[in-house]
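Contents: one structure, followed by commentary.
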Amino acid sequence: MKKGLIVQVIDIQFANLPGILEDILRDVMTEDTIQGCDYDPFNISSQIAVLKDTKILICKIRGAIEDGKAKTETSWLPSRTNSRIVPYSIEKLASTRNGKRPVTLGRTRSDHLTVDVKMLDGKLNIITGKKGVGKSHLSKLLILSLIQNGAPCLVIDVNGEYVNIGRTKNDEPTAYADKITVLKPGQSLKFGLSGVGLKTFLNTMIYALDLPRTSSKVFSRIWNELERSGNLKLDSLNDAIRRFSCHESVREAIYSRFNTLMDLELFTDDISERFDFSLFEKKMNEGHAFIINMKDEHAISRRLVVELFISKLTEQLSEMRLKAVFLFAEEAHFYLRETYWEDIITRMRHLGVFTTFITNQPDTVQESVYRQADNIFMFNITNEHDLDAISKVAKIDAESLRSIVKDLPAHNCLIVGDIVRDFPIVVNVKPLDIQTMGQTRHFFQD
Ligand SMILES: Nc1ncnc2c1ncn2[C@@H]1O[C@H](COP(=O)(O)OP(=O)(O)OP(=O)(O)O)[C@@H](O)[C@H]1O
Ligand SMILES: [Mg+2]
Numbered sequence: 135m136k137k138g139l140i141v142q143v144i145d146i147q148f149a150n151l152p153g154i155l156e157d158i159l160r161d162v163m164t165e166d167t168i169q170g171c172d173y174d175p176f177n178i179s180s181q182i183a184v185l186k187d188t189k190i191l192i193c194k195i196r197g198a199i200e201d202g203k204a205k206t207e208t209s210w211l212p213s214r215t216n217s218r219i220v221p222y223s224i225e226k227l228a229s230t231r232n233g234k235r236p237v238t239l240g241r242t243r244s245d246h247l248t249v250d251v252k253m254l255d256g257k258l259n260i261i262t263g264k265k266g267v268g269k270s271h272l273s274k275l276l277i278l279s280l281i282q283n284g285a286p287c288l289v290i291d292v293n294g295e296y297v298n299i300g301r302t303k304n305d306e307p308t309a310y311a312d313k314i315t316v317l318k319p320g321q322s323l324k325f326g327l328s329g330v331g332l333k334t335f336l337n338t339m340i341y342a343l344d345l346p347r348t349s350s351k352v353f354s355r356i357w358n359e360l361e362r363s364g365n366l367k368l369d370s371l372n373d374a375i376r377r378f379s380c381h382e383s384v385r386e387a388i389y390s391r392f393n394t395l396m397d398l399e400l401f402t403d404d405i406s407e408r409f410d411f412s413l414f415e416k417k418m419n420e421g422h423a424f425i426i427n428m429k430d431e432h433a434i435s436r437r438l439v440v441e442l443f444i445s446k447l448t449e450q451l452s453e454m455r456l457k458a459v460f461l462f463a464e465e466a467h468f469y470l471r472e473t474y475w476e477d478i479i480t481r482m483r484h485l486g487v488f489t490t491f492i493t494n495q496p497d498t499v500q501e502s503v504y505r506q507a508d509n510i511f512m513f514n515i516t517n518e519h520d521l522d523a524i525s526k527v528a529k530i531d532a533e534s535l536r537s538i539v540k541d542l543p544a545h546n547c548l549i550v551g552d553i554v555r556d557f558p559i560v561v562n563v564k565p566l567d568i569q570t571m572g573q574t575r576h577f578f579q580d
């Protein structure tokens, strides 16, 4: 085939030919009342039956084939009487042939979809869809493909469901088990005050605990004084806040927040217990996934840990100690403060933080994220309000998106973006032989 138009079927309807509906209604009405035998000398009833069942495929033009190559731009229409209609292989269309880092995402209607994980590099991605359709499953598949190719990943796991991605269903370690580390805040993840730094500590007090501005200035002074005298320890900070000469209400404001933070048991003075950020850096650069298990964590602890990692990452990336990070954030509105969204898609992206947002509440992701996203993986969504939210994506028209996404079966997703060379493709995501742990707990077991 030298020249052709690539069209995608987005909907199937009955052809509404003039008079057909009337004929169907008449058939139904007269079925019982008129007696006798049908007389059909020209044998047209079979043809009418075929016409009544004729389906029309609603299509959108996605690109063209010129000299055997698929392109997304078209500026030409073929003849509608003399053209041939043939299925076109997805493998040829969207798969990145000769990709150095191939990963098979799953099956399409006709073949397999193999993409290059490089297409996640430097990108902003969204995985969305309603509950239980397979979003986290796909994100686990992406993470495993990334670490298999030596990429560094950081996963913010709000439900504790990524903790076993290094073990098979038979509970044996997979080939990549030693490239995965699970961190539990308060246990394997504790911080020292100096490691956290004043900025992050203060930000958490301000943004997560509403510390008033005036009090925050006083707190900075206390912290700086202790730091100068080389006495930045939990007990001395506690004492200094209590003894610092300032207005009672200011002291009270600081002290109550400080206590809330201490109750999280995230901090320690013991060097051997502290999380080693230089080891983190080393492992990340060798290709590793760190999973922060936030299950059952207090909302403030989640925010603090995320805030802390984000500021550490920015530091390590801007000093070129870390090459890049693929950040996977499930239900980010739980722990990501307003001002970070913009930052993640602009400044941090330039530094090398490549984020994948995963959510079953599409309206919690900011509109700018949809507009800027390079790859979008959409599972079934039926709610009109949610469909409105995802219609903001720039990479596909709203009509196709609605029509396809509403009818997707579980485990199937519509992918648009760079990873499929901008051709929207529906794929049935492949199963994984790991403990995906996404199941909801049930009482009735049958
Ligand atoms: N492609 C797939 N093949 C086989 N099993 C799958 C697939 N996708 C998902 N599952 C299974 O379906 C269940 C739900 O999947 P998953 O946890 O990924 O859904 P989710 O969309 O993340 O749900 P939630 O919105 O509740 O987070 C899990 O038990 C998972 O193992
Ligand atoms: Mg999930």
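Just add 134 to the spot in the sequence shown (first one is 1) and you have our numbering.
Note that beta-carbon positions come from the ideal geometry of N, C-alpha and C, so glycine has one too.
_Is any non-hydrogen atom of ligand 2 found closer than 8 Å to the C-beta of K269, if you look at the structure I gave you?_
It does: the Cβ of K269 is within 8 Å (strictly closer) of some heavy atom of ligand 2.
_I'd like to check one pair, I515 with T262: are the Cβ atoms closer than 9 Å?_
Inclusion of T262 and I515 in the CB contact set at 9 Å is warranted, their separation being smaller than that value.
*asked:* Counting C-beta neighbours from all protein chains within 10 Å, is the total for M482 16 or more, i.e. buried, or is it exposed?
replied: So M482 ends up on the buried side.
*Specify the secondary structure class of E533 as computed by DSSP and reduced to three states.*
Judged by DSSP in its simplified three-state form, E533 adopts helix.
*Of all Cβ atoms in chain B, is any one closer than 9 Å to the Cβ of R555?*
Of the protein chains in this structure there is only one, and it is not chain B.
*So what does A463 bridge to, in DSSP terms?*
A463 is bridged by DSSP to I290, F491.
_Range covered by the alpha helix (DSSP H) that runs through V297_ = No alpha helix (DSSP H) contains V297, which DSSP labels as neither H nor E.
_Own chain residues within Cβ distance below 6 Å of L438, not counting five before or after_ = Answer for L438: T338, listed in chain order.
*Looking at the structure shown, is H422 part of a helix, part of a strand, or coil, going by DSSP?*
Correct three-state label for H422: coil.
*Where does M396 sit, in a helix, a strand or coil, going by DSSP?*
Helix.
*Since M616 is in the alpha helix (DSSP H), which residue starts that stretch and which ends it?*
Lying before the first or after the last residue shown, residue 616 is absent from the chain, which here runs from 135 to 580.
*From N517, K351, G326, M571, pick the residue whose C-alpha is nearest to that of V384; which is it?*
Check the Cα spacing between V384 and each of N517, K351, G326, M571: the tightest is with K351.
*Closest by CA to A311, which one among K564, G421, L155, E200?*
Out of K564, G421, L155, E200, G421 has the C-alpha closest to the C-alpha of A311.
*If you measure from the CB of N494, is any heavy atom of ligand 2 nearer than 8 Å?*
Distance from the C-beta of N494 to the nearest heavy atom of ligand 2 is below 8 Å.
_If you follow the alpha helix (DSSP H) that V499 is in, where does it begin and where does it stop?_
For V499, no alpha helix (DSSP H) run applies, since DSSP gives it neither H nor E.
_Considering only heavy atoms of ligand 1, does any lie closer than 8 Å to the CB of M428?_
False, no ligand heavy atom lies under 8 Å from that Cβ.
*At what residue ranges does the stretch 145-216 contain a whole run of the beta strand (DSSP E), taking only runs of 3 or more?*
Listed in chain order, the beta strand (DSSP E) runs fully inside the stretch 145-216 are 189-200, 203-205, counting runs of at least 3 residues.
_Separation of T315 from K226, as counted between CA atoms_ = Straight-line measurement puts the Cα of T315 at about 38 Å from the Cα of K226.
*asked:* So, under 8 Å CB-CB, G329 and F424 are touching, yes? Tell me the CB distance rounded to an integer number of Å.
replied: G329 to F424, Cβ: 16 Å. No contact.
*A532 to F460, Cα distance in whole Å?*
For the pair A532 and F460, the Cα-to-Cα distance works out to about 29 Å.
*Apply the 10 Å Cβ neighbour rule to S244 and answer buried if 16 or more other Cβ atoms are within range, or exposed otherwise.*
Per the 10 Å Cβ criterion, exposed.
*Answer yes or no: do L155 and V554 have a C-beta to C-beta separation smaller than 9 Å?*
Contact annotation: L155 and V554 have beta-carbon atoms that are not nearer than 9 Å.
*DSSP three-state assignment for F401, whether helix, strand or coil*: Of the three classes helix, strand and coil, the one that applies to F401 here is strand, per DSSP.
_Contact defined as beta carbons within less than 8 Å: I believe V440 pairs with I479. What is the distance between those atoms, to the nearest angstrom?_
With 8 Å as the limit, V440 and I479 do not qualify as a contact, their Cβ atoms being about 16 Å apart.
*Is any heavy atom in ligand 1 found nearer than 8 Å to the beta carbon of H246?*
Flag unset: Cβ of H246 not near ligand 1.
*In whole angstroms, what separates the C-alpha of H252 from that of G233?*
Note that residue 252 is Lys in the sequence shown here, rather than His. Roughly 8 Å between the two C-alpha positions.
*Pick from F148, C287, D145: whose alpha carbon is nearest that of T490?*
Here the closest residue by C-alpha is C287.
*How about T238 and N562: are their beta carbons less than 9 Å apart?*
No Cβ-Cβ contact shorter than 9 Å links T238 with N562.
_Among I340, F378, V249, A507, nearest to S279 - alpha-carbon criterion_ = In this structure, V249 is the residue among I340, F378, V249, A507 with its C-alpha nearest to the C-alpha of S279.
*Report the residue ranges of all beta strand (DSSP E) runs contained in full by the stretch 352-386; include only those spanning at least 3 residues, in chain order.*
Within the stretch 352-386, no complete beta strand (DSSP E) run reaches 3 residues.
*Hey, would you say the C-beta of N293 is under 8 Å away from at least one heavy atom of ligand 2?*
Yes, the beta carbon of N293 sits closer than 8 Å to at least one heavy atom of ligand 2.
*Span of the beta strand (DSSP E) holding G551?*
It spans 546-551 - the beta strand (DSSP E) in which G551 sits, taken as one unbroken run.
*Would you identify the three-state DSSP class for D82, choosing helix, strand or coil?*
With the chain covering only 135 through 580, there is no way to say anything about residue 82.
*To the nearest angstrom, report how far apart E415 and M454 are at their CA atoms.*
In a straight line, the C-alpha of E415 is about 11 Å away from that of M454.
*Around the Cβ of M428, are there at least 16 other Cβ atoms within 10 angstroms (buried) or fewer (exposed)?*
M428 sits buried, since 16 or more C-beta atoms from the chains shown fall within 10 Å of its C-beta.
*asked:* Based on DSSP bridge pairs, tell me the residues matched to R455.
replied: None, per the DSSP bridge assignment.
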